[in-house]
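Mapping of the sequence shown onto the numbering used here: position 85 corresponds to residue 85, and the numbering continues sequentially without gaps.
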Amino acid sequence: MQSKNLIDEGFRVSLIEKALFDGDLEIPHINPPKKIIIPNGMVPFSIRNRSLKLGFDDFVCFYENDTKFRLILTDTEKYVDDLKRFEGVVSPDCSLYIDAPLCVQIAGIYLNQAVGYYLQQQGLYVVPNIRWGDERTYTTEIFREKIAFLGVAKHSIVSIGTYGQIETAESKRYFREGLIEMLEVLQPEVVLVYGSMNKLIFKGLERKTQFIEYPDWISRMKNNINKKNV
């Protein structure tokens, strides 16, 4: 039966029936890959077929408006075979608005991990997306754990997205603070970055890990056109 929305199926609990959980909030755990694979590029879920038509060897990501990938949340099972056409996938990037109630931000963290866990169990290569909201999600101000990082293995590969997330001074501050905390808690070997690496945000952090920057799809296509015209 197709789920019409997240409430129909209890926030997709069927996806995590055999999952291990991290922390007091019991966030589903995504296992680290046996081997770190660096994607050649990233393509947003809603336009993934364009990548195949162009012959790109991309990972599918969800760094776009939530409405464009809501079906991966409500009908995850339906897209498993479709996503297996790609080398890998980054777990979803449900928005964690910094002005949203904390329960909403926690729900986003849970859904990102739940879908990522399920896809991994179906044999896909999954890179955990790390998304934090306000300081309550990346500090111990409220909980004894930094909840934005629960369910993710240390010393492995993760992904983050700056595209559309660092447009104001306030959002830049939150992003840098959360990034510093993420690097301290997870100590990742590799961090994939979808979008530009703003110098003020990433200053002094370059030696903490290996950052790999990927242009957003629009910028990538413009760059390809410019190269052809040279």
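Note that the Cβ used here is the ideal one computed from N, Cα and C, for glycine as well.
Note that the C-beta distance between I130 and F143 is not below 8 angstroms. Rounded to whole angstroms, the gap between the alpha carbons of K34 and D81 is 22 angstroms.
Annotation note: the stretch 100–181 contains the following uninterrupted alpha helix (DSSP H) runs of length 4 or greater, listed N- to C-terminal: 102–121 and 135–138.
Judged by their CB atoms, G151 and A100 are not nearer to each other than the 8 angstroms cut-off. By the C-beta density criterion, N65 is exposed, having fewer than 16 other C-beta atoms within 10 angstroms.
Distance check between Q120 and each of I106, A107, K84 and K154 places K84 closest, using alpha-carbon atoms only. With a 10 Å radius around the Cβ and a threshold of 16 neighbouring Cβ atoms, A19 comes out buried. Here D82 carries a helix assignment [DSSP, helix/strand/coil].
I36 sits in coil when the DSSP states are folded into three classes, being neither helix nor strand.
Contact between the stretch 60–75 and the stretch 184–191 is absent: fewer than three C-beta pairs spanning the two stretches fall below 8 angstroms. The alpha carbon of L186 has as its nearest neighbour, out of I160, S46, R48 and A107, the alpha carbon of I160. The beta carbons of F62 and F45 sit closer together than 8 angstroms. Just measuring C-alpha positions, the residue of I166, Q113 and L205 sitting nearest M182 is L205. Only buried fits H29, as 16 or more other CB atoms lie within 10 angstroms of its CB.
For I212, DSSP records a beta bridge to L192. DSSP, reduced to helix, strand and coil, places M197 outside both helices and strands of the structure shown, so it counts as coil.
Secondary structure of I30 (DSSP, three-state): strand. P128 and G88 do not touch by the CB rule: their CB atoms are close to 12 angstroms apart, not below 8 angstroms.
Here K146 is buried, its C-beta having at least 16 other C-beta atoms within 10 Å.
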